[in-house]
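Undergrad: In this text, residue positions in the sequence shown follow UniProt numbering: the first is 1, and each later residue adds one. We put the beta carbon where it would ideally sit given N, CA and C, even for glycine. Here it is, the structure in full.
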Amino acid sequence: MFHQHTCQRPLVHSIYRRLWTAPAIRHCPSPARHRYADAIRQTRAAQTASETSQGLVNQPWTGAPQEVSALAELQRRLQSSPYGNQDEGLLKWYLRDRSFNVEKAEKKLTSMLKWRASYRVESIRWEDVAAEAETGKGLLCEQLDIRGRPVLIIRAHLHNTGEWPIDGTMKLTFTSANADFSYAVRLVDVFFTYYPKRLGQVLFVQAPWVFRPGWALMKPLLRKYAQLVRFVTVEDLEREYFTPETLPADFRKL
1 MFHQHTCQRP LVHSIYRRLW TAPAIRHCPS PARHRYADAI RQTRAAQTAS
51 ETSQGLVNQP WTGAPQEVSA LAELQRRLQS SPYGNQDEGL LKWYLRDRSF
101 NVEKAEKKLT SMLKWRASYR VESIRWEDVA AEAETGKGLL CEQLDIRGRP
151 VLIIRAHLHN TGEWPIDGTM KLTFTSANAD FSYAVRLVDV FFTYYPKRLG
201 QVLFVQAPWV FRPGWALMKP LLRKYAQLVR FVTVEDLERE YFTPETLPAD
251 FRKL
């Protein structure tokens with residue numbers, strides 16, 4: 001989890017993974033062919049680096065007079081609220097996100113600060129999240145993607161929204177039981193209000209057909225953030241986002 005007050009531009013490349021059917025593994029007997037294939041993959045990775053989503057990019061801060069004026073006005077407004085004395089970088093981020101519209105930036109920033117206060121984000125301890133973390137549902141990869149961005153893997157097959165027992169084999173699949181669309185809708189607030197323009201891309205890796213109808217319903221709610229979502233195969237992942245050496249272990253097993 002990134003601390004919004006101090007992290008200026010964390011691009012989290014979130015990957016939803018499932019276990020469904022393992023793709024065929026192709027073996028090439030010739031060492032020369034191996035080297036050739038590796039060279040081709042590396043070349044394609046370099047070529048597609050510029051094609052992968054960079055996320056929704058904030059306007060730059062140039063220090064122009066109108067920007068400085070907007071910052072001063074936002075600081076003045078916050079002084080009369082319970083949320084005064086905020087980090088200047090945070091105020092600039094929300095102003096840039098709202099195209100330096102002070103009223104809109106104040107509204108969005110205040111919503112985020114209220115959320116942080118109500119959830120007591122600053123006082124969250126490891127003990128509060130340890131049980132959930134130990135399920136293995138999510139992990140922060142050691143490897144970065146080809147753009148140098150952090151990668152968060154969400155193992156959707158370990159996420160079950162129901163309380164009832166299910167067959168052991170079903171725990172290894174991505175089904176309607178763990179396609180938690182209410183949770184996905186809540187992500188709208190997370191992406192749009194609480195951490196605006198902090199997300200690089202969301203990849204659903206080999207997601208089955210059962211997810212598509214729900215996504216079609218949810219997509220309009222995400223507005224422009226929907227463009228960050230892409231359905232991909234493991235081959236797409238290796239070709240466009242990682243090299244064979246940096247492909248996360250979760251996907252090497254598929």
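Identify which residue in 109, 71, 83 and 88 has its Cα closest to the Cα of residue 191.
TA: 109
Undergrad: Taking the straight line between their C-alpha atoms, what separation do you get for residue 98 and residue 145?
TA: 28 Å
Undergrad: Decide if residue 198 is buried, meaning its Cβ has at least 16 other Cβ atoms within 10 Å, or exposed.
TA: buried
Undergrad: Should residue 68 go down as buried or exposed, given a rule of 16 or more other Cβ atoms within 10 Å for buried?
TA: Exposed, since its Cβ has fewer than 16 Cβ neighbours within 10 Å.
Undergrad: Find out if the Cβ-Cβ distance for the pair residue 74, residue 95 is shorter than 8 Å.
TA: Contact: yes.
Undergrad: Taking all protein chains shown into account, decide if residue 101 is buried (16 or more other Cβ within 10 angstroms of its Cβ) or exposed.
TA: exposed
Undergrad: When the distance is taken between beta carbons, is residue 251 closer than 8 Å to residue 205?
TA: yes
Undergrad: Can you tell me which of 64, 227, 200 and 136 puts its alpha carbon nearest to the alpha carbon of residue 149?
TA: 200
Undergrad: Mapping DSSP to helix, strand and coil, what is residue 256?
TA: As displayed, the chain neither begins before 1 nor continues past 254, which places residue 256 out of reach and without an answer.
Undergrad: Determine, using beta-carbon pairs with one atom in the region 132-143 and one in the region 240-249, whether at least three such pairs fall under 8 Å.
TA: yes
Undergrad: Excluding the five sequence neighbours on either side, which residues of its own chain have a C-beta within less than 7 Å of the C-beta of residue 84, listed in chain order?
TA: 78
Undergrad: Between residue 138 and residue 221, what straight-line distance do the alpha-carbon atoms span, to the nearest angstrom?
TA: 24 Å
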